[in-house]
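Note sheet for the following structure.
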Amino acid sequence: MTEQSITTQRAQIRAHLEAGNSITPRQAQDLFGCDRLAARIHELKGEGLPILSERPEEGPRFAIYSIAKEG
1 MTEQSITTQR AQIRAHLEAG NSITPRQAQD LFGCDRLAAR IHELKGEGLP ILSERPEEGP
61 RFAIYSIAKE G
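In UniProt numbering, the protein residues as written are 1 to 71.
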């Protein structure tokens with residue numbers, strides 16, 4: 001994967017989250033062709049984006065990411 005495509009994925013994921021949406025690894029793959037959502041989330045957190053991770057208690061083991069709501 002090129003640095004340009006990683007940067008594009010990061011920007012797309014950031015815009016998706018900033019629009020008030022959450023995202024799962026499956027959604028990231030389907031929407032943006034991103035196979036490494038956790039890596040992109042780590043990069044976005046490093047840029048200061050306040051991202052929350054939630055893991056469902058039941059079912060498959062995956063994270064649901066969203067931006068922390070203010071207030």
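Heads up, the beta-carbon is just placed ideally off N, CA and C, and yes, glycines get one too.
Item, Value
"Integer Cβ distance of GLU54 from ILE64, believed to fall under 8 Å", "5 Å"
"Cβ neighbour criterion (16 or more within 10 Å) applied to GLN4", "exposed"
"PHE62 classed as buried or exposed, judged by whether at least 16 other C-beta atoms fall within 10 angstroms", "exposed"
"Proximity test, Cβ basis, 8 Å: GLY59 and chain C", "The structure shown has no chain C; it contains just one protein chain."
"Beta-carbon proximity of ARG14 to LEU49, cut-off 8 Å", "yes"
"Whole-Å CB distance - ILE37 paired with PRO25, under 8 Å assumed", "The sequence shown places Leu at residue 37, rather than the Ile named in the question. Right, the Cβ-Cβ distance comes to about 5 Å (below 8 Å), so this counts as a contact."
"Separation of SER22 from ALA28, as counted between CA atoms", "10 Å"
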